[in-house]
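What follows is a short report on a single structure.
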Amino acid sequence: MKILVPVKRVIDYNVKPRVKADGTGVDLANVKMSMNPFDEIAVEEAIRLKEKGAATEIVAVSVGPAKAAETLRTALAMGADRAILIETDEEVEPLAVAKILKAIADEEAPGLVILGKQSISDDSNQTGQMLAALMGRPQGTFANTVEVEGDAVIVKREVDGGLQTVKLTMPAIVTTDLRLNEPRYASLPNIMKAKQKPLATKTAADYGVDLAPRLKTLKVAEPPVRKAGEKVADVAALVEKVKALGIA
Ligand code: AMP
1 MKILVPVKRV IDYNVKPRVK ADGTGVDLAN VKMSMNPFDE IAVEEAIRLK EKGAATEIVA
61 VSVGPAKAAE TLRTALAMGA DRAILIETDE EVEPLAVAKI LKAIADEEAP GLVILGKQSI
121 SDDSNQTGQM LAALMGRPQG TFANTVEVEG DAVIVKREVD GGLQTVKLTM PAIVTTDLRL
181 NEPRYASLPN IMKAKQKPLA TKTAADYGVD LAPRLKTLKV AEPPVRKAGE KVADVAALVE
241 KVKALGIA
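Take 1 as the starting number for the sequence shown in the UniProt record's numbering and just add one per residue.
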């Protein structure tokens, strides 16, 4: 069984994003970029399934600028077998990514597509669900555990009240939640080996997908600054304050 793992290049999670002065987006100049953390978890899960003998090949896919090849090399260094870069300098929306992934899935016929639950750049949480709809296949989102059982995959999903277990007939789409696993670091020898692994470069047009945006960003703004707290002398003073706020 083949596993397709879409990985997105995003601002590194340790970096505090800066909003552009004109409010049109986030400033990406000289900012450290990395693989979306949920996608690292997706790559790790695919590798673990391969190590258990449930999968035979892992194909990493990224839609993004030429530099997204670095993100794919990271996936290859972790343990993916080959990679496909769909190169574009446009900002791509989840629907366009889902359409490209659908076209790739038609070609590659994976048993599983494992995506992150959301990209920390746009926080959309849409691509996996849209892909499942376009492919007409079952989805197990927010996965906490993933087990392959014959032609099915059992996914424990993180839901508000706890864990929900679903059984999906493959091909199926899974999206990863934070507690699914702890991704491995790529070792230096594996980083070197990854340079020899195949990486194909394509365009959206090769898959007949038009990347024109369907959404218009009206404004991007910093979150409001949190107001400083206030210390009170004792409980009585606190009660007075709360009363004054009219919430008690
Ligand atoms: P989103 O719907 O944008 O929150 O993204 C959810 C997941 O879809 C991500 O964690 C990735 O696995 C995948 N994804 C989104 N955008 C891309 C992209 N440009 N290239 C590859 N995978 C992507």
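Each residue gets a CB set at the ideal place from its N, CA and C atoms; glycine is no exception.
By DSSP's assignment, Lys-243 forms no beta bridge with any residue. Along the length of the stretch 52-110, whole beta strand (DSSP E) runs at least 3 residues long occupy 57-64, 82-87, reported in chain order.
Shortest Cα-Cα distance from Ala-21 to any of Val-220, Asp-106, Lys-227 involves Val-220.
In this structure, the alpha-carbon of Gly-64 lies about 17 Å from that of Gln-126. With a cut-off of 8 Å on Cβ pairs, the stretch 226-234 is not in contact with the stretch 19-36, counting fewer than three such pairs. For Glu-57, the closest of Asp-81, Glu-240, Glu-70, Val-235 by C-alpha to C-alpha distance is Asp-81.
For the pair Ala-132 and Leu-72, the Cα-to-Cα distance works out to about 23 Å. No Cβ-Cβ contact shorter than 8 Å links Leu-238 with Val-148. For Pro-6, the closest of Thr-74, Asp-12, Arg-18, Gly-246 by C-alpha to C-alpha distance is Thr-74. Within the DSSP bridge table, the entry for Lys-195 names no partner. The beta carbon of Asn-181 is closer than 7 Å to those of Ile-41, Glu-44, Glu-45, Arg-48 in its chain, skipping five residues each way along the sequence. The shortest CA-to-CA distance from Ile-104 to any of Pro-94, Gln-164, Asp-206, Thr-145 is the one to Asp-206. Straight-line spacing of the CA atoms in Pro-171 and Ala-68 works out to 27 Å.
Residue pairing of Glu-149 in beta bridges, as defined by DSSP: Ala-152.
The shortest C-alpha to C-alpha distance from Lys-52 to any of Leu-163, Gly-23, Glu-90, Met-1 is the one to Met-1. Within 10 angstroms of the beta-carbon of Glu-70 lie fewer than 16 other beta-carbons, which makes it exposed. The alpha-carbon of Pro-110 is positioned some 15 Å away from that of Gly-150. For Ser-34, the beta-bridge partners assigned by DSSP are Val-10.
Glu-158 is bridged by DSSP to Leu-163. The beta carbons of Glu-108 and Val-159 sit no closer together than 8 Å.
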